[in-house]
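Residue numbers (this note's numbering), protein chains in the order written: chain V, 6 to 25; chain F, 67 to 320.
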Amino acid sequence: EMDGALEEAFSRLAESRTNP
Amino acid sequence: GGVGMPSGSYVSPKTVWLPAMKAKGLEISGTFARRSGVIQMDLSLTNKAMSVMVDFAIQFNKNSFGLAPAGPLQILTPLSPNQTIDVSLPLSTVGPIMKMEPLNNLQFTHRQIHVHATQELNATFENTQRDRGNCQYPLSLLFVEDGKMDRQVFLATWKDIPSENESQFQIKDIHLNSDAATNKLQGINIFTIAKRTVEGQDMLYQSVKLTNGIWVLAELRMQTVNPNYMLSVKCRAPEVSQFVYQCYELVLRN
C-alpha cells in the first residue's frame, strides 16, 4: 500500500513538472 | 574506463598540471579516479632536466572538500633524465577545509631533490626544489557509493528545497536511451530512484551524496525525438549544482 502511494507520488511529481 | 576498472567509471586523460619550465625540469601531469570507493590521484612525473631527481613529496593546500594525500608518494627509485614514472596516490577527505574558487580547485606543492654530478670535482651535490601546481577535479570523485536516497525521503526533500535552489542545464546532442544513461550515471554513483514517462518524455529522478554529506537531487528529462536532455538540479548548497552538471556532461559524452 505504501509502495503504491510512493509510485503515485512520483507520477504526480513528473506530471506537475511537465504541466506546471 | 580502462583495464581493470568497473564499467561506467570514466577517467579523463592526464593533463599537464605543472610544466617543466616552471619546475626546473620536472613535468607533472595527472588525472583523478574513484575506484571502488577509493579516491586516487594518478600522476606521471617526467624528468626533463639534466640532473637525477630523488625524494619526491607532495602536499595539498586547504581545499573545499578536505582532499589530502592518504600517504606519502611511493616513488622509491631515482628519476633519470628523460625518464617518466607513473604513480597513484590515494586521497582522503579529512584534510583541512577552505572554500576554493572554483569550488573544485586544488593547489599543491611538490618537492623533489635534484642530484647534480660535477665531473671536475668528481662529486655530487643536491638542491631541493619546491613548486606550486594547480589542478581541478571532477566533483564525481566525491560521489559516494551509498548515495541512493530513500524514495520517500527524496519526495519530501524535493518538495522541501525551495525553487530558488533549483538550477537547470541543457545537455545537448546525447544519443542514449534512458536505460543506457541510467547505467552510465550509476557508474559514477548517480543513482536513479524513479523513472516516469509523461507525454513522450522519460523523466529520471536521481540522487547523489557527496563525501561531506551534502545530498544532490536531480531530474533528467529526455525525449526520444530530441537529442537534448534537460537536467534540473536541486540542492541545499546550490553552489555545487554546476559541478554536478559537469559530471553529467562528462560521463554521458564518454
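Glycine included, C-beta positions come from ideal geometry on N, C-alpha and C.
- Annotation: Cβ neighbours of residue 264(F) in chain V (cutoff 9 angstroms, chain order): 16, 19, 20, 22, 23, 24.
- Taking a contact as a CB-CB distance under 8 angstroms, the pair residue 175(F) and residue 125(F) counts as one, their CB atoms being some 5 angstroms apart.
- Secondary structure of residue 167(F) (DSSP, three-state): coil.
- In the three-state scheme derived from DSSP, where H, G and I count as helix and E and B as strand, residue 211(F) is classed as coil.
- In the structure shown, residue 229(F) falls within a helical segment according to DSSP collapsed to helix, strand and coil.
- For the pair residue 119(F) and residue 198(F), the Cα-to-Cα distance works out to about 17 angstroms.
- Listed in chain order, the positions of the segment 276–294 of chain F with a beta carbon within less than 9 angstroms of a beta carbon of chain V are 285, 287.
- Taking each of 283(F), 139(F), 239(F) in turn and checking the Cα distance to residue 304(F), the smallest one comes out for 283(F).
- For residue 247(F), no chain V residue has a C-beta closer than 9 angstroms to its own C-beta; the minimum C-beta separation is roughly 16 angstroms.
- At least one CB atom of chain V sits nearer than 8 angstroms to the CB of residue 269(F).
- When CB distances to chain V are screened at a threshold of 8 angstroms, the residues of the segment 214–227 of chain F falling below it are 217, 218, 221, 224, in chain order.
- Residue 271(F): not part of any alpha helix (DSSP H); member of the beta strand (DSSP E) spanning 267–275, first to last residue.
- Note on residue 279(F): under 16 other CB atoms within 10 angstroms of its CB, so exposed under the neighbour-count rule.
- Residue 296(F) is bridged by DSSP to 236(F), 287(F).
- Judged by pairs of C-beta atoms under 8 angstroms, the segment 137–144 of chain F does not touch the segment 195–215 of chain F, as fewer than three such pairs exist.
- Excluding residues up to 5 positions away in sequence, 248, 270, 272 lie with their Cβ nearer than 6 angstroms to the Cβ of residue 258(F) in the same chain.
- When C-beta atoms of the segment 149–166 of chain F are compared with those of the segment 227–242 of chain F, fewer than three pairs fall below 8 angstroms, so the two segments do not count as touching.
- With respect to chain V, the C-beta atom of residue 260(F) has a partner C-beta closer than 8 angstroms.
- In this model, residue 188(F) and residue 180(F) are separated by some 17 angstroms (Cα to Cα).
- Taking each of 266(F), 306(F), 307(F), 128(F) in turn and checking the Cα distance to residue 287(F), the smallest one comes out for 266(F).
- Separation of residue 165(F) and residue 205(F) (C-alpha to C-alpha, rounded to the nearest whole angstrom) is 14 angstroms.
- Between the alpha carbons of residue 301(F) and residue 307(F) lies a distance of about 7 angstroms.
- Residue pairing from DSSP places residue 201(F) in a beta bridge opposite 172(F).
- In the DSSP assignment, residue 250(F) falls outside any beta strand (DSSP E) and within the unbroken alpha helix (DSSP H) covering 244–252.
- Beta-bridge annotation (DSSP): residue 192(F) is paired with 181(F).
- Here the alpha carbons of residue 16(V) and residue 83(F) stand approximately 47 angstroms from one another.
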